[in-house]
Amino acid sequence: MSAVMAMNPVAERRPLLKVNKLTKHYGDHIGCEDVSFTVYPGEVIGIVGESGSGKSTLLNVLSAQMPPTSGAVEYDLSAKGLRDIFTLSEPERRKLMRTDWGVVHQNPRDGLRMNVSAGGNVGERLMAIGARHYGELRREGLDWMAKVELDTSRIDDKPKTFSGGMQQRLQIARNLVTRPRLVFMDEPTGGLDVSVQARLLDLLRGLVRELGIAAIIVTHDLAVVRLLADRLMVMRRGHVVEAGLTDQVLDDPHHPYTQLLVSSVLQV
Amino acid sequence: MSAVQEARWDEAYNFAYLDEQTKRMIRRSILKAIAVPGYQVPFGGREMPLAYGWGTGGIQVTASVIGPDDTLKVIDQGADDTTNAVSIRRFFSRVAGVETTEATEEADIIQTRHRIPEAPLREGQVLVYQVPQPEPLRSLEPRETETRKMHGYAEYGLMHVRLYEDIARYGHIATTYSYPVMVNGRYLMSPSPIPKFDNPKMQGNPAIQLFGAGREKRIYAIPPYTSVKSLDFDDHPFEPQTWDESCALCGADNSYLDEVVLDDHGGKMFVCSDTHFCEDRRAKGHRGELGADPAALAFARTADEGEAQ
Amino acid sequence: MYVAVKGGERAILNSHELIAETRRGDTSVPEVSTRQISEQLGLAVDRVMAEGSIYDRDLAALAVKQAQGDLVEAIFLLRAYRTTLPRLAVSEPVDTAQMLVRRRVSAAYKDIPGGQVLGPTYDYTHRLLDFALAAEEGVGEPEAPVGEAPLDAGMPHVADILDYEGLIEPEIPDEDASEPFDLTREPMSFPADRDQRLQNLARGDEGFVLALGYSTQRGFGGTHPFAGEIRMGEVSVEIVPEELGFAIDIGDVVVSECHMINQFEGSAERPPQFTRGYGLSFGHNERKVMAMALVDRALRAREFGEAAVYPAQDEEFVLYHADNVEAAGFVSHLKLPHYVDFQAELGLIRKLRREFEERQQKDAAE
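Here it is, written out as structure tokens:
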């Protein structure tokens, strides 16, 4: 049983994101097909599968980085209710992406400005929505660096002088500074040493729970979803073959592919 | 102009070089630019007989707004006698036959590169800026398709990131010229490479300020009495340059100063960059600390007469 | 005393006199005439007409003379003059299949209807300096033999031969299309359509376009080109005056044309087929039109759903930097005085150094 589900009273369970029959084709190649699911506030969804299973395509469409071939992605715009993100105007969508949403890329270079100091990276989203007090931006920068366990004395250093794990922490801080309600993460621990991965996962779990952020995490690593995700979707060849509560799916997989995946990973 | 009046310009060319259709097209762009202060209007810029980067945008704007009875002043670096100012003034004398002047207050149109005159402008005057790069965001984002969106959606956070970086590194904003401004509370605008010393003069100015970028084919404008605010932070407000020195020739302590190297032992003096302003003050009897020094006077004389070999 | 930053009117006039004297050179050597340039430096004149966007050999020759053979400067002169000319009409598309061919080769087929016509080319000359050209008495009156039979009047394009089999993308004129974009009247806009791109490349600097085309062959852009056809010769130009309502011939121009044929693997919507890159230029400019055709195809990446990752595929990069009048102007403007801005930076550097030294002293004291 998910901790989040237990925490959230039924009255608050209005969907944050509703995905309906989402399909993305590249020519006659299927990226993902007929994917439907719902995300509730504060909930963490894991999407697992091998490379080529369509999980990254799905994440890119969900986060409005590419348009779908068919289907809809509805997001709860608070006052305006659920709206298909692909019917929003471009400025509305861009604003959503830099305030209410966050995207944590696998490669921190894709999500950070490598030639801007750590403090500037953290402050960018705040400045984009009108923050004009240097001192406050500075305080926020220090505060968030501390939250992601980065050495605050390095606030004026550029990310290119940081290690991979530190860059990933900085990318997370840069995204969370506007307190988004939904964060998309693509293999957030990929490419990091195992010991660094474990600490980062711990940190992510703490932050997501503390701030009540909903997240969609794409990974090939079942250990990541075991630790972070409330619910799980298993993808194969563009289709979702199995979905359910993380513990249920991992402990009692029904689909033969999931069984294969679980057995191969759990042996490691 | 009346039919009986003899053409005072080189008749091999239409008045002010451009044909009337082209001038009308440019005037329409100027009107649009004035209607949307700070917005960069694309226009079908033409190739001019002066090189791109040497003021072709300003020349096209001037050519489109100038009439035979107008008086023109051209400055470069604040001075009327710098080579390019002389060259552009000669161009308009030849193709438009207009009166030219060095006196700011006598000019109807002032074409400038890199400075705003020290003397206050008045209603009815037009200040035409030569602009090498109209896009203030270009150094941060090289793509036009993206910067047009950033303007369209007023996404200017990135510009403040640059200023933040300056303060984090130096303790103050280190941009000294081309200092970006917000016009009429809406469009981020490059003031052209004027020193930030001149930025406050743009605010609420009674003159019409027109900006022409020939190579990039953009025109933008600040109508009279428009709000022009230099970007800053609440706790790090915009500050123009100041000098400890005053002008060695005229003693002015409120003008933009050029440094003049006097010898190869570090000897130097500071003089007004606005040559007309400086002459005017000296004519009224103001003297700086080197005002009676023979070397300084020699410099002033050379500068006034525009002698160079 | 150093006052070179100030330049008066007299100095400018003197520099004009000096350039005139330098241009003339040693007066014991006869002055070159524009007619000589037009006839004997014909390829230089062709390039200046192409990038200067005026078909007029006399004006181009004058520009070459006035610019002392500096072709980029000559192109600039011609462009500035062009500004003063009215646009009287838009011509009908020239029909290059009806070209009076002087040269026509295909690398895709051994034999083609109409035949391969080598014509005047340096391709098979050995690049050995020909000292006969430097001899006092000159080269006399060289004459090439006349062919035994006249060439075919109309020569179909090689690309159209493939077209019959549907193996190459069809090139169908859009009858509903409005008047084509005119780069000389309108500012560039993005995304740019093919008419705008081709105009830009046709006017673009030969060296820049050549380097970009070359880059696509070396892997910075994944085209696999074949020189389908290169032809050069005279085509007639027609306009339809409004008051007449039918086309009249207003003269002939020499143009060079290149069709590059490129592989394309196909997508969901399009079958695998050959695609085209196109190059056209005033005068005899084969190097230019071949490079142009390579870059044209590279710039069509978006149209074929190809990832645009290389410089030659990036239309903002290519179109904004191809024009040598713009490029030469902006590079040369660095020669203008910048001392107001330099003064501002000087002040900043002094301030930063002062702060740096204060910090050092403070650190040392601690």
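Chains as they are written, first to last, in our numbering: chain A, 1 to 268; chain B, 1 to 309; chain C, 1 to 366. All C-beta atoms in this analysis are idealised placements derived from N, C-alpha and C, irrespective of residue type, glycine included. Source: prediction; values computed, not measured.
- Beta-bridge pairing by DSSP links R104(C) to V117(C), R231(C).
- Residue pairing by DSSP places W101(A) opposite L182(A) in a beta bridge.
- DSSP, reduced to helix, strand and coil, places Y179(B) outside both helices and strands of the structure shown, so it counts as coil.
- In the displayed model, V98(B) falls within coil according to three-state DSSP, outside both helix and strand.
- Using a CB distance cut-off of 8 Å, I12(C) counts as an interface residue toward chain B.
- The contact set of F233(B) on chain A, defined by CB atoms closer than 7 Å, consists of R132, H133, Y134 in chain order.
- Spanning the alpha carbons of E9(C) and V74(B) requires a straight line of approximately 13 Å.
- Taking the C-beta atoms as reference points, I213(A) is found no nearer than 8 Å to L62(A).
- Check the Cα spacing between R231(A) and each of L88(A), L250(A), H220(A), V177(A): the tightest is with L250(A).
- For the segment 314–327 of chain C, the beta-carbon criterion of a distance under 7 Å to any beta-carbon of chain B is satisfied by E316, V325, E326.
- Counting every other CB atom within 10 Å of its CB across the protein chains shown gives L346(C) a total below 16, marking it as exposed.
- The beta-carbon of T71(B) is placed no less than 8 Å from the nearest beta-carbon of chain C.
- Between N175(A) and G164(A), the alpha-carbon positions lie close to 17 Å from each other.
- Residue range 239–245 is occupied by the beta strand (DSSP E) that includes L245(A), with no alpha helix (DSSP H) assigned at that position.
- For the pair P200(B) and I34(B), the CB atoms are not nearer than the 8 Å cut-off.
- 8 Å or more divides the Cβ of P41(A) from the Cβ of L82(A).
- Under the three-state reduction of DSSP, L261(A) is assigned to helix.
- Less than 8 Å divides the Cβ of M48(B) from the Cβ of Q60(B).
- At least one CB of chain B lies nearer than 8 Å to the CB of Y339(C).
- For Y339(C), the uninterrupted alpha helix (DSSP H) run begins and ends at 339–365, by DSSP.
- In this structure the segment 127–137 of chain B lies against the segment 104–118 of chain B, because at least three pairs of beta carbons, one per stretch, are closer than 8 Å.
- Minimum Cα-Cα distance from E216(B) among the listed residues E186(C), E355(C), G204(C) corresponds to E186(C).
- For Q209(B), the beta-bridge partners assigned by DSSP are L127(B), I222(B).
- Take G119(C), set aside five residues on each side of it, and the residues of its chain with a beta-carbon closer than 6 Å to its own are R102, R103, in chain order.
- Look at the segment 114–128 of chain A: the residues with a C-beta under 7 Å from a C-beta of chain B are V116, S117, G119, G120, G123, E124, M127, A128.
- In this structure L150(A) is in contact with L170(A), their Cβ atoms being roughly 6 Å apart against a cut-off of 8 Å.
- Excluding residues up to 5 positions away in sequence, V234, V241, E242, V249 lie with their Cβ nearer than 7 Å to the Cβ of T258(A) in the same chain.
- Interface criterion met: the Cβ of G157(B) is under 8 Å from a Cβ in chain A.
- Taking 3 residues as the minimum length, the beta strand (DSSP E) runs contained wholly in the segment 33–119 of chain A are 44–48, 70–76, 82–84, 101–104, in order along the chain.
- About 6 Å separates the beta carbon of D186(A) from that of S56(A), a gap short enough to meet the 8 Å contact definition.
- Residue pairing from DSSP places P42(B) in a beta bridge opposite R218(B).
- Three or more Cβ pairs closer than 8 Å define a contact, and the segment 184–194 of chain B falls short of that threshold against the segment 16–32 of chain B.
- For T219(A), the uninterrupted beta strand (DSSP E) run begins and ends at 214–219, by DSSP.
- Secondary structure at P150(C): coil, using DSSP grouped into helix, strand and coil.
- The segment 274–294 of chain B makes contact with the segment 239–248 of chain B: 3 or more CB pairs, one atom from each, lie closer than 8 Å.
- Against chain B, a Cβ distance below 8 Å from F330(C) picks out Y52, G53, P132, R215.
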